[in-house]
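Q:
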Amino acid sequence: MGRLAFPFVCKNTTIKVVNASMPRPTNPAPFVRFLKMTAPPKVHNLKPPTPPPLTIPHKPPPPPQLPTPFVRSLLDRNHREHHIYFGEGLHNHFPHTMLSLFALGAPQARLVKEYDLEDRYLVKLNQPSTVIDATNWTKYIGDRNLYSSYLQFFDQQVEQLGIVPAMLEYALKPVMIPSLLSGLLHPLIHLGYGLEFESPMVVAEALSQASTHPPRPKKVLDMIFAVDQGSVQGLIPTTASSDATQLVPLFNEIYKDDRLDKLVRFQDSDRSSTTTHKCAGIITEYASRWYIDSNADSLAHALRALFYVTTVIYGSGGLRPGHPQSSKFDFFLLHLVTSTFACLHVVPHLPIDTAIYLLRSQLAMCIHQYIARGRPPLQPVLLISYPLAGNRGLDTWEQVMQLAITSEDLHVPKIVRSLHVAETMYGSEEGLWLQAARFTVDHMVNEKRDWDFTGCGWDEAWNP
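Below you can see the structure in the form of structure tokens.
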């Protein structure tokens, strides 16, 4: 089970916000005809202008280096040879894990080992069966069998448009966002790595992966999009002065909300689907209370708040002092952290209104998983002070990262690197990021335990 594969605070930067409210022509037909008459012969080689990026304070630091020719060769081999799915809809994680190992400083032999480990079970990429183009790409959204067809299309689009323009053209379309946030947020995570490491192959894979996921959260996201926040009671405003803990009280309210007690149960065979079906209104109610000011500083602080609360949920939700099974690390909740890490790399490229909608949608997905995993308690003080068993030699980031490199679990290098970047950006937060990383590697590597799949918030999951 250990290899089961299932998104700013640096300093002293200026702010430049994309104008997302530019008026559009009411009747574009004459303009389109003009383009058809005057377009040069090689119009497919022209790249559309890219909106100027948001210059967000506290942007994530760039990776130590961009992929070397050797790393690119491994990415290319995976791109050409492996399907994005295997088994019953499990996801190809190779780019996530390999790029995380590379950024942590893993030697070349460890990167080769990672490829060999994953190559054993990944499915071979089939030949495209359907012609996907700009006129029909939305027609087949959700069809997993057409991944290779979508990949052929998006390889061409990324090559012609460029990484960021292709992402803007496709990933954030209203028809695509629910699929981008489906599959335990894996398309979003994949996209984040593609943007961070400037990899056309990984971005094309992410767009293809999103296109082949059914838009399961569409009901919730449509409800959030329709909410007029001017009529919402109990708004939680995010401004340039907001602190990192601002979303913790919101989740504490959800933790105590007895309306949820009878809607989702431990015995439900598919708690995620049950949560989507029965709790959409409650999720919308809470997610809509998060108000983000329309400026880059507020976006930066919103990202910090999401990173903080998801780390607290992941790191402290499975702590029950005195219980023989403590601690647990929930497999599904760890994806809240790694998908928020992806948001750090997506948001700076977006028009500000789109960025706000994406972050509120990400919060909704976090609330969804929090409910489905049994609403574990948020215990930041306990997490920071909770002792490791024995002297583990995990006092520094260097020790933690070196141990993460040795792990053969797909997710350990990813979560450790995400937490290390958070500390680089935001400071130590009283040791929160390092402590969550220390516990992860101690649990997974030193103690050779596994992720928890039962749902650490349910009392029944702690029964012998």
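For what it's worth, our numbering labels the leading residue of the sequence shown as 200, then goes sequentially.
We put the beta carbon where it would ideally sit given N, CA and C, even for glycine.
Would you call Leu265 buried or exposed, if buried means 16 or more other Cβ atoms sit within 10 Å of its Cβ?
A: exposed
Q: Hey, Thr483 and Val419 are a contact pair by Cβ (cut 8 Å); roughly how many whole angstroms apart?
A: 6 Å
Q: What did DSSP end up calling Thr475 once you bin it into helix, strand or coil?
A: helix
Q: Comparing the CB of Gly429 with every heavy atom of the ligand COA, is any distance shorter than 7 Å?
A: Ligands in the displayed structure: none, and consequently the ligand COA is not present.
Q: Below 8 Å CB to CB, which residues in the same chain sit around Val330 once its five sequence neighbours on both sides are set aside?
A: Ser348
Q: Leaving out five residues on either side along the sequence, give the residues of the same chain with a beta carbon under 7 Å from the beta carbon of Thr653.
A: Ala660
Q: Is it buried or exposed for Lys613, if we count other Cβ within 10 angstroms and need 16 for buried?
A: It counts as buried.
Q: Roughly how many angstroms lie between the CA atoms of Pro414 and Ser472, to the nearest whole one?
A: 12 Å
Q: With 16 as the cutoff for other CB atoms within 10 Å, does Ala333 come out buried or exposed?
A: exposed
Q: Beta carbon of Ile604, beta carbon of Ala305: below 8 Å?
A: Yes, the Cβ-Cβ distance between Ile604 and Ala305 is below 8 Å.
Q: I'd like to confirm the pairing. Which residues does DSSP put opposite Lys527 in its beta bridges?
A: The partner list for Lys527 (beta bridge, DSSP) is empty, contrary to what the question assumes.
Q: Excluding the five sequence neighbours on either side, which residues of its own chain have a C-beta within less than 7 Å of the C-beta of Ala370, listed in chain order?
A: Leu379, Leu390, Leu406, Ala409
Q: Report the option in Arg319, Gly516, Pro586, Pro259 whose CA atom is closest to the CA atom of His282.
A: Arg319
Q: How many Å lie between Gly429 and Trp489 at the Cα?
A: 12 Å
Q: Roughly how many angstroms lie between the CA atoms of Asp651 and Leu533, to the nearest whole one?
A: Going from the Cα of Asp651 to the Cα of Leu533 covers about 10 Å.
Q: Looking at the secondary structure, which residues open and close the alpha helix (DSSP H) in which Trp661 lies?
A: Taken as a continuous stretch (DSSP letters only), Trp661 belongs to no alpha helix (DSSP H), as it is neither H nor E.
Q: Any beta carbon from chain B within less than 8 Å of Phe396's own beta carbon?
A: Annotation note: the requested chain B is absent from the structure, which comprises a single protein chain.
Q: So what does Ile340 bridge to, in DSSP terms?
A: None; Ile340 has no bridge partner.
Q: If we ignore side chains and look at the alpha-carbon of each, how far apart do Leu539 and Gly517 end up?
A: Reading off the sequence shown, one finds Thr at residue 539, where the question assumed Leu. Spanning the two alpha carbons is a distance of roughly 20 Å.
Q: State buried or exposed for His500, treating a residue as buried only when at least 16 other CB atoms are found within 10 Å of its CB.
A: buried
Q: Leaving out five residues before and five after Arg309 in sequence, what residues of the same chain have Cβ atoms less than 7 Å from its Cβ?
A: Excluding positions up to five away in sequence, the list reads Leu300, Ile604.
Q: For Phe424, which of Ala554, Asp442, Val311 has the nearest alpha-carbon?
A: Comparing Cα-Cα distances from Phe424 to each of Ala554, Asp442, Val311, the minimum goes to Ala554.
Q: Kindly identify the DSSP beta-bridge partner or partners of Ile583.
A: Note: Ile583 sits in no beta bridge, so no partner.
Q: Exposed or buried, Ala588, counting other C-beta atoms within 10 Å across all chains shown (16 or more means buried)?
A: exposed
Q: Using the beta-carbon count (16 or more within 10 Å), is Leu191 buried or exposed?
A: One cannot answer for residue 191 here, as it falls past the ends of the chain, which runs 200 to 663.
Q: Which residues in the same chain as His243 place their Cβ atom closer than 8 Å to its Cβ, once the five residues preceding and following it in sequence are excluded?
A: For His243, the predicted structure reports a pLDDT of 33, less than 50, and the residue's modelled location is therefore unreliable. A value from the coordinates is still provided. Answer for His243: Gln359, listed in chain order.
Q: With DSSP run on the structure shown, which of helix, strand or coil describes His610?
A: coil
Q: Go ahead and pull the three-state DSSP assignment for Thr509.
A: helix
Q: To the nearest angstrom, report how far apart His610 and Leu273 are at their CA atoms.
A: 19 Å
Q: With a CB to CB cut of under 7 Å and the five nearest residues on each side skipped, what residues in its chain are close to Leu535?
A: Scanning its chain for C-beta atoms nearer than 7 Å, with the 5 sequence neighbours on each side dropped, one finds around Leu535 the residues Thr509, Ile512, Tyr513, Cys565, Gln568, in chain order.
Q: By Cβ distance, which residues of its chain are closer than 7 Å to His278, with the 5 residues on each side in sequence left out?
A: Met400, Glu404
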